[in-house]
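What follows is a set of notes on a single structure, which appears directly below.
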Amino acid sequence: MTRALTFAEDLCLLLQDDALGDLHPLEGRTLVFGLATAALLELAQHDRIDTDLANLQLVAPTPLGDPITDPALALIAGNSETHPPKYWIRRIGLQLGPQILDAARDRLCERGILERDPGDHFFLAPAVAHAKRYPGVEGDSAEEVRVRLMRILFNEEIPQPWEADLIGLAAACRVFEKVLSPRDLDRVGARIEAVQSLNLLCRAGRIAIDEDLEASRSAPQQQFKPIPKVPGLPLLGNALGMTGDLNDFLTKLHRRHGPIFRIRVPGRRVVVLAGQEANSFVLRHARTHLRANREFSEFCRAMETDRAMISMDGADHVRLRRVAQAGYSRAVIERDIDQAIEIARHHVTSWPVGPRLRAFETMQRIVTEQVGVLATGLSPRDYIDDLKYYLDTLFFAIRRDRPRFMYAHRMPRVRGRIRQLCREVIELHDPDLRKGCPHDVIDAFLELHRQDPQFLPETDLMSAVVGPYIAAVDTVAGTLGFAILRLLSEPEYLEILRAEADALFANGMPNAKDVRALANTHAFVTESLRCYPTTPAMVRTVCNGFEFQGHWVPAGTSLMVATTVVHKDPEYYPDPDRFEIERHLPPRMESKPKGAFAPFGLGPHTCLGGAFGQVQMATVIATMLRYGEFERDPAPEDGAIRATGYPSYRPHRKVGFRLVRRRNEGQSRGAAEPEAKP
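Heads up, the sequence shown is in my numbering, so the first residue is 158 and it goes up one at a time.
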């Protein structure tokens, strides 16, 4: 039987837990040592190394052309001394373990065996989950690895040599303790024990893992460095700095204090993780160390719901995300791109020539209607003012920095209006009325409610139904407001994007492929997201204490992860304060490194609608430039954009733009209307 996958890929699949969208957690450094052992098994099978318990010898330094194994081979080839396998398992695991994991999962996704969602959850592809076979693989080796190994263990079939090695690797990593019940483990334990000792590398891996776990359990309490405290004002602490440009404030603190520091706001102390180190931690460890529920308890209270997607964790959160994922995807807006453009065109052509239009509020009306029509089937035009107040109240609830009576006095009436909106949306999604209609996110939530009313009861439906509107009212509208104001301060980019918009509409109503081809417009949106992130940080509670950069962060700590501080890191973005769309075009592509671009959050709670929002912003910008000429109002002297951070980061209500001339389809700029008087 020929092998279909590498040992590292098989190990990932053995540990895959679809309920969590992740691997079964392993204690300590077991996973990275296991992946290192997998890489060495692969190199041994391809005659690149030879080994006994005392020494590991390099046989041939020729790379295999495999990103999973070649870095390990290069590490061995670059060392002139001979070491035992245990040494290399430790060194490769500590230096390359996360890299091996990423390479293995990336290739499993490329093969169509795993699927990845925007929050870096991984799931078996439906065909694999149901058929228990791998696509594009012939013969017996196409059989799903867990099924194959269970048959060997329970039916006492004779394993192929590499299957015996895989059993030894899994046993060394204690995989069977995760995937088998204690009763089943007792039944096959003797057979696992007999098979696992056959390969010297697997034995070395087991020794390395056992010794590391024993050392970590018996080690004396480490002396951790104190977390730096940021000086603040009496009573207020650092609250004033957090009411403006939060990303700028946190970036300055990061440069001054490093990747971890403690701030104080009225009523509580918060530990902040910032920079690439923080983002890497979230990508690797958020699922096991951080929880959202406590930080969003007031949010749920304000919504009168027991839980919302933003406040959930673990398997329940993953389940609800999977239900909602398709309804928030890029495919939704691309499917109805003509509607998205027509809604934007209707708004733009209805604006009067001359008067100032508030940037944030004007964008709110466009994008909220787009999201309402495309994602829920209902225009919320009559409810936009209610949605705006409702969301601002929810933000105040999250911040917890002022008494409830100061911000929620209108909430009972507004909440009634939002309930009415939700009732209208739900009535519109009666199954009898939806025949022949595309399945949207509301259909998905209501179907889940009918199938499992205990998991998604009526009391939680309101938060699910209003979710798409909330995302549009703040995040997309805020970024788009900043993008428009910045564009009107960049004459060179304005001309480039206007030419791209005219080309987009040259042959009539554009399609999704045409919109995807707006390279400069998409790059402008990406640079706007880098420079003006409306969600610059995530708030969480530490559920399991952890070490970070030599500091101990105990369980129960209120934590803020400043995910977009990296946007101003010159290591990733040279001259980071300069607005430059070329960063996101070939060959530079500066936002590509993992964790270097995080405007929609990171980890399990990454915004599902990020790609939807980016397409949405590009279509609005292109439509505005096609149908009008604009200028900032008031005109700034230095191009700066006045912003506010309260209750969320957005353009200040006193800054905006005005329509100077109308432009119509088929007209050149010379045929535009006369300029309006200031």
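Where is the CB? At the ideal position from N, CA and C, for every residue including glycine.
Check whether residue i and residue j have beta carbons under 8 angstroms apart
i	j	result
L326	A161	no
F639	I798	yes
I494	P667	yes
D790	R815	yes
N395	G389	yes
A779	T698	no
R487	P595	no
T519	L544	no
Y806	L393	no
E704	R740	no
C764	P275	yes
F164	R247	no
N356	D322	yes
H446	A431	no
G707	F381	yes
Q771	A497	no
G484	A532	yes
G813	R538	no
V723	N436	yes
L535	E581	yes
H181	K335	yes
E455	I575	no
L397	V429	no
Q256	P220	no
P693	A719	yes
Opposing strand residues paired with residue i [DSSP bridges]
i	result
T208	L213
Q173	L180
T698	R448, S715
E314	Bridge partners of E314: none, in fact.
T801	R807
K545	Partner(s): none; K545 has no beta bridge.
I417	L430
L390	G394
E788	R815
G382	A quick correction: the sequence has Lys, not Gly, at residue 382. DSSP output for K382 lists H708 as bridge partner(s).
F703	V710
Exposure of residue i, with buried meaning 16 or more beta-carbon neighbours within 10 Å
i	result
S468	buried
Q173	buried
H504	buried
S375	exposed
L210	exposed
V304	exposed
A828	Residue placement at A828 is poorly supported in this model, since its pLDDT is 39, which falls under 50; the coordinates are not used for a value here.
K243	buried
H762	buried
C169	buried
T616	exposed
K725	buried
F662	buried
T239	exposed
R308	exposed
E166	buried
Boundaries (first-last residue) of the beta strand (DSSP E) holding residue i
i	result
W709	708-710
V672	That residue, V672, is in no beta strand (DSSP E); its alpha helix (DSSP H) goes 669-673.
L613	Unbroken run through L613: none, as it is neither H nor E.
R572	Note, R572: premise wrong, no beta strand (DSSP E); alpha helix (DSSP H) at 568-585.
R513	513-515
Range of the contiguous alpha helix (DSSP H) that encloses residue i
i	result
A351	339-353
V777	767-784
F115	Missing from the structure shown is residue 115; the chain here goes from 158 to 835 and no further.
A602	Looking at the sequence itself, residue 602 is Phe, so the reference to Ala does not match. Note, F602: alpha helix (DSSP H), 598-608.
F333	333-336
L407	403-414
I498	494-507
A459	454-460
R478	471-482
R735	Unbroken run through R735: none, as it is neither H nor E.
D367	357-375
H203	Counting along the chain, H203 falls outside any alpha helix (DSSP H), and DSSP gives it neither H nor E.
F662	Premise fails: F662 is in no alpha helix (DSSP H) and is neither H nor E.
Beta carbon proximity, residue i to chain D, threshold 8 angstroms
i	result
L342	This model lacks chain D altogether, as it is built from one protein chain only.
**OP:** Could I get the ranges of all uninterrupted beta strand (DSSP E) runs contained in the region 239-314, with 3 residues as the minimum, in chain order?
**Re:** Entirely contained in the region 239-314, the beta strand (DSSP E) runs reaching 3 residues are, in chain order, 271-273, 279-281.
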